[in-house]
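This report concerns only the one structure given below.
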Amino acid sequence: MNSDNLSRLETNLRADALHIRKAALDELALLPADEAVPILQRLMDTPDFGLRRLAVMGLGNHRSAAAFQSLKSILEQDKDASVLSEAANSLFDFGEAAIPVLQSLFDRVDHWLVRQTIISLFIDTERYEVLFSLAEKALEDETQTVKEVGILALSHVWKSPFKVQALVLIAQLSRDSFWRNRWRAAIALQECHDPQAQMLIAALQQDEHFRVVAAALEVASYWQEEGRWT
Numbered sequence: 000m001n002s003d004n005l006s007r008l009e010t011n012l013r014a015d016a017l018h019i020r021k022a023a024l025d026e027l028a029l030l031p032a033d034e035a036v037p038i039l040q041r042l043m044d045t046p047d048f049g050l051r052r053l054a055v056m057g058l059g060n061h062r063s064a065a066a067f068q069s070l071k072s073i074l075e076q077d078k079d080a081s082v083l084s085e086a087a088n089s090l091f092d093f094g095e096a097a098i099p100v101l102q103s104l105f106d107r108v109d110h111w112l113v114r115q116t117i118i119s120l121f122i123d124t125e126r127y128e129v130l131f132s133l134a135e136k137a138l139e140d141e142t143q144t145v146k147e148v149g150i151l152a153l154s155h156v157w158k159s160p161f162k163v164q165a166l167v168l169i170a171q172l173s174r175d176s177f178w179r180n181r182w183r184a185a186i187a188l189q190e191c192h193d194p195q196a197q198m199l200i201a202a203l204q205q206d207e208h209f210r211v212v213a214a215a216l217e218v219a220s221y222w223q224e225e226g227r228w229t
């Protein structure tokens, strides 16, 4: 693309109208990385967090070493949680090389949006060792929503080598003093094929909180339909 059109795209990325920004970002995604990435790198330097967020979204469209390094850089330097979360999303698409970077970000930044984003990225993968590690740390988080995403993550490792360890944690949560943790524990047991899961659900049906009881009854009903409840 000639320099005039590149300048037009760079200007449009900073437009007040969001639809103009989006159109420029979409057009930039079709360009070679050596043309697009420098424009996005310059956009990263703006004090406007919305533009920095746009920049990291754009970098995710270009699987180049320069884009990867730029995303790593913004994870190390930026302080805005929405920018960091969007950068994590973009970085995840780079595959194996991104995993230790994302784990480090989770350990370093305790903002709920960042942590929940990172866990959600791994929930539907088969990187069970990463998911279980993140879930363990999430359970120690003081923010309840992060803790609940951690419990959800445990429900995705039942068919992995981390099943026993996850069941130990869920058993502890089923006796937690806060009803929401017991409620989430009941829901998390639905796909667990283990005799201990039935014992835990039976106990949770006697819980003092009606939402916990309802969740446990729903899981038991689901198991009955599948012929798993004994």
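Residue numbering for the sequence shown is 0 to 229, as defined by numbering that gives the first Met the number 0. Virtual Cβ for every residue (Gly too), placed ideally from N, Cα, C. None of these values were measured; they are calculated from a predicted model.
**Proximity winner among 28, 134, 118 and 34, relative to residue 56 (alpha-carbon distances)** = 28
Flag this pair as yes or no: are the beta carbons of residue 152 and residue 130 separated by less than 7 Å? yes
request  = Over the uninterrupted alpha helix (DSSP H) stretch that includes residue 182, give me the two end residues.
outcome  = 178–187
Below 8 Å on the Cβ atoms is my contact criterion, and I expect residue 133 with residue 173 to pass it. Report the Cβ-Cβ distance as a whole number of Å.
Contact flag wrong, Cβ pair sits at about 21 Å.
Checklist entry - Shortest alpha-carbon distance to residue 84 belongs to which of 93, 60, 119 and 11? => result 119
Could you tell me the alpha carbon to alpha carbon distance between residue 23 and residue 82, rounded to whole angstroms? 19 Å
Just curious, the alpha helix (DSSP H) that residue 18 is in, first and last residue? 17–28
| Taking the Cβ atom as the reference point for each residue, do residue 182 and residue 211 lie within a distance shorter than 7 Å? | yes
> What number of angstroms, rounded off, separates the C-alpha of residue 91 from the C-alpha of residue 205?
Replying inline: 42 Å
| said: Just to check my reading of the structure: residue 54 and residue 74 have Cβ atoms closer than 8 Å, yes? What is that Cβ distance to the nearest angstrom? | reply: The Cβ separation is near 13 Å, so there is no contact.
Point to revise | DSSP-derived helix/strand/coil call for residue 72 | key: helix
- Task: Please report the residue range of the alpha helix (DSSP H) in which residue 145 lies.
- Result: 143–153
| message | Judging by CA-CA distance, which residue of 197, 87 and 35 is the nearest neighbour of residue 227? | response | 197
Reference residue 31; option with closest CA among 60, 16 and 52: 60
Buried or exposed: which applies to residue 6, given that a residue is buried once 16 or more other Cβ atoms fall within 10 Å of its Cβ? exposed
Practice problem: Assign residue 60 to one of three DSSP states: helix, strand, or coil. | Solution: coil
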